[in-house]
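Residue numbers (the working numbering), protein chains in the order written: chain A, 333 to 780; chain B, 652 to 1026.
Input: a single structure, listed below in structure tokens.
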């Protein structure tokens, strides 16, 4: 069953268009209506999104769905609507004001090529607030906020959007006879389309600058800005690409997620804190996670917090691990039970803690790190030398294996098991080797 | 899934997916960034969309548009991004747009400490936008609660056609813990009411009683619908009529305020004859749990009330917990933002003691006991 052909997409609810006499917006709204009549879409499948400014008064005249949004942000809502429902025709009506405050969205929608239609009603100033200058006000143009003449160079919106990757860009005026056909072209483009329409603001800009139709056309001519079709270069649309990637992702296996069963025993009677400190790039964080997962295999609960600079491969990397047979409420370590130091960076980052260490704390420090006087028990161990056969990335695993072997918190086998289950594939064998090295190293290690 | 070792941000993403979230947009910001990564890794499998926007304003704008087109949407940020969300949160309140906003709080103000925790945005979340319309804000204390409350936030957003803020904290979102999310009990998924009346002209904000939640028409559905950021009537057309404007404002208030008890979630650990009560929320409530055990082991009677809903204020639960106690301690990982809410509700004879710290470190159980003069 075909719906009857519509003669207009404007409603009669509000009577005549309430724009100032001679305002270009009225002509533009009528041209959009003529374009919709040509296309005959179902009104519920069209969303007209308007921005703030006089053009924002226009959505109420259409019988389609509509959204009048925040100043400069209409493009963002339109993108959300289009991404959510690609079958809809989404048309944004924005003024030159919106192009200033929302310039980033203008550039980014062009760059992404999201298939919305943007129609810019460019009347060269802010009509709604009394005629202040906008980003498109001509140089030396007179407005209420630059009565001596505009000293700012206007943005060539079309050239800017074309440079940002706009796949369909057109500049015209409300006086163009074929404006509605151009609008049809913009709506039918399979990608982002932008149509900039120059207009007269008969309330402010036109009288202040003694502009009429002829004057506006002459001004456009003198601006040096191109008119007509400025870009028409179809390329893949954003949401189509997004869906294609989405399908590909479905075939990828999710990461090594598996429940952690309680397999091994442990000797941990109360909540204990372990501080693991080294250098960025030493795999401190991933080793801490493996250690915590191992403790879970041994029936414990664990927490892990990491501290590192925003850079990679530079500076310290510190992980704090808490183990407990009970649920862990307080996740800070005020007084660690074990400190594992595998580099000078790690020591520098944790130095503040040392004067508070008690005799209940055991330190496993890399050979050569000069520790301050503490009450803690200390082991000084040549982790790096022992790790030579397996490389720098596994030093931390060696150190944690030493800690486990000496402390007896839970079996080393749990650590190896966690490595087999959760370690990156390319690091698995090295890490398992590191556990064996740590076990041997622990046997040779004596307290200082 | 069973026992696993995950951080709060992963749990937040899981909660969203479990609630059938199918649209996510955000701008990268520590400590919320990994929510974007989790959603990007997961959503395409669920016919969803997860994208990185050019800024926070675009992120929430995308979400609002997608929600209006029928998606279940979420965005995630930290304090600086909340500032940029502000105007659009006002719009979402006004357009009655379901929307879940995760604020992984960090030490503020401004850029503050990007990788350090604080409950910086407790009052900010309440007064985030012009007009003072009521908002809903939930505050998890654990990773399980981050999962559960994110899930629940979707139900509230859909039920009340409103933005709902989840106030996480770096200390929850970026800490890994042993959890078993299968053991978290969840209510059934709620979707917005889409049963539309037959009338020729659809009213996007239809209500008879001010506390009614209007049915929602998706963009692209069978009915033409409208939304507007401007002061409007039930048909979503601009109005300057003072009576209608007041009716709409009353509606926004009544819708949330009348449901305050339904939205209120608290956890209680009361002790008979305790003269001291600790009221806390979020990550600090976990230090409180340790402090309470410590005090009780020393023979001190002590009660604890933990708030999971911060806005609207769970007034009834707070008032009831304060009945009969002599002292209320309010420890916070900020300079005492929620204390004034408690103060407003406390009987004159109750002594209120705030414990405030905002140096990126957790309040220790000892600080709570000592500065709260519990010992």
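Note that the Cβ used here is the ideal one computed from N, Cα and C, for glycine as well.
- If only complete runs of 4 or more residues are kept, the segment 347 to 392 of chain A shows the alpha helix (DSSP H) at 356 to 371, in order along the chain.
- Neighbours of residue 1016 of chain B in chain A, taken as residues at a C-beta separation under 7 angstroms, are given in chain order as 662.
- Per the C-alpha coordinates, the member of A/366, A/436 and A/437 positioned closest to residue 512 of chain A is A/366.
- When CB distances to chain A are screened at a threshold of 7 angstroms, the residues of the segment 709 to 736 of chain B falling below it are 709, 712, 713, 714, 715, 716, 717, 719, 720, 721 and 722, in chain order.
- In the three-state reduction of the DSSP assignment, residue 1000 of chain B falls in the coil class.
- Cβ-Cβ distances below 6 angstroms link residue 738 of chain A to 774 in the same chain, with the five nearest sequence neighbours on each side left out; the list follows chain order.
- DSSP places residue 832 of chain B within a helical segment (H, G or I) once states are collapsed to three.
- When Cβ-Cβ separations below 8 angstroms define contact, residue 656 of chain B makes contact with chain A.
- Contacts between residue 397 of chain A and chain B, judged by CB atoms closer than 8 angstroms, involve 870, 871, 875, 876 and 877 in chain order.
- Here residue 935 of chain B is not bridged, per DSSP, to any residue.
- When C-beta distances to chain B are compared with 8 angstroms, the residues of the segment 358 to 377 of chain A below that value are 375, 376 and 377, in chain order.
- In the three-state scheme derived from DSSP, where H, G and I count as helix and E and B as strand, residue 902 of chain B is classed as helix.
- Taking 8 angstroms as the cut-off, the Cβ atoms of residue 811 of chain B and residue 670 of chain B do not count as close.
- If you draw a straight line from the Cα of residue 660 of chain A to the Cα of residue 635 of chain A, it is about 8 angstroms long.
- Within the segment 689 to 762 of chain B, the beta strand (DSSP E) runs of at least 3 residues that lie entirely inside it are, in chain order, 700 to 703, 724 to 728 and 750 to 756.
- Counting C-beta pairs with one atom in each stretch, the segment 915 to 925 of chain B and the segment 950 to 966 of chain B have three or more that are closer than 8 angstroms, which means they touch.
- Within the DSSP bridge table, the entry for residue 712 of chain A names A/697 as partners.
- Using a Cβ-Cβ cut-off of 8 angstroms, residue 974 of chain B does not count as an interface residue toward chain A, since no Cβ of chain A sits closer than that to its own.
- Residues of the segment 885 to 912 of chain B with a C-beta atom less than 8 angstroms from some C-beta of chain A are 888 and 889, listed in chain order.
- With a minimum length of 4 residues, the unbroken runs of alpha helix (DSSP H) contained wholly in the segment 575 to 656 of chain A fall at 616 to 629.
- Residue 637 of chain A has a beta carbon lying within less than 8 angstroms of a beta carbon in chain B.
- A distance of 8 angstroms or more separates the beta carbons of residue 867 of chain B and residue 628 of chain A.
- In terms of Cβ geometry, residue 773 of chain B and residue 989 of chain B form a close pair [threshold 8 angstroms].
- The beta carbons of residue 973 of chain B and residue 1001 of chain B sit closer together than 8 angstroms.
- Residue 804 of chain B sits close to residue 815 of chain B, with the two beta carbons spaced by under 8 angstroms.
- With a cutoff of 8 angstroms on beta-carbon distance, residue 880 of chain B and residue 400 of chain A are scored as near each other.
- In this structure residue 986 of chain B is exposed. Its beta-carbon is surrounded by fewer than 16 other beta-carbon atoms within 10 angstroms.
- Neighbours of residue 666 of chain A in chain B, taken as residues whose beta carbon is under 9 angstroms from its own, are 1015 and 1017 in chain order.
- Across the structure, residue 554 of chain A and residue 561 of chain A are spaced so that their CA atoms are roughly 18 angstroms apart.
- Within the segment 845 to 925 of chain B, the complete beta strand (DSSP E) segments of 3 residues or longer fall at 877 to 879 and 917 to 920, listed in chain order.
- Residue 850 of chain B is positioned such that its CB atom lies no closer than 8 angstroms to that of residue 794 of chain B.
- Here residue 715 of chain B has 739, 742, 743, 748 and 750 as same chain residues with Cβ atoms under 7 angstroms from its own Cβ, once five neighbours each way along the sequence are excluded.
- Proximity to residue 678 of chain B across B/732, B/759 and B/719 peaks at B/732, based on C-alpha coordinates.
- Listed along the chain, the chain B residues whose CB falls inside 9 angstroms of the CB of residue 650 of chain A amount to none; the nearest CB is some 12 angstroms away.
- When rounded, the separation of the alpha-carbon atoms in residue 338 of chain A and residue 388 of chain A is 24 angstroms.
- In this structure residue 747 of chain A is in contact with residue 733 of chain A, their Cβ atoms being roughly 6 angstroms apart against a cut-off of 8 angstroms.
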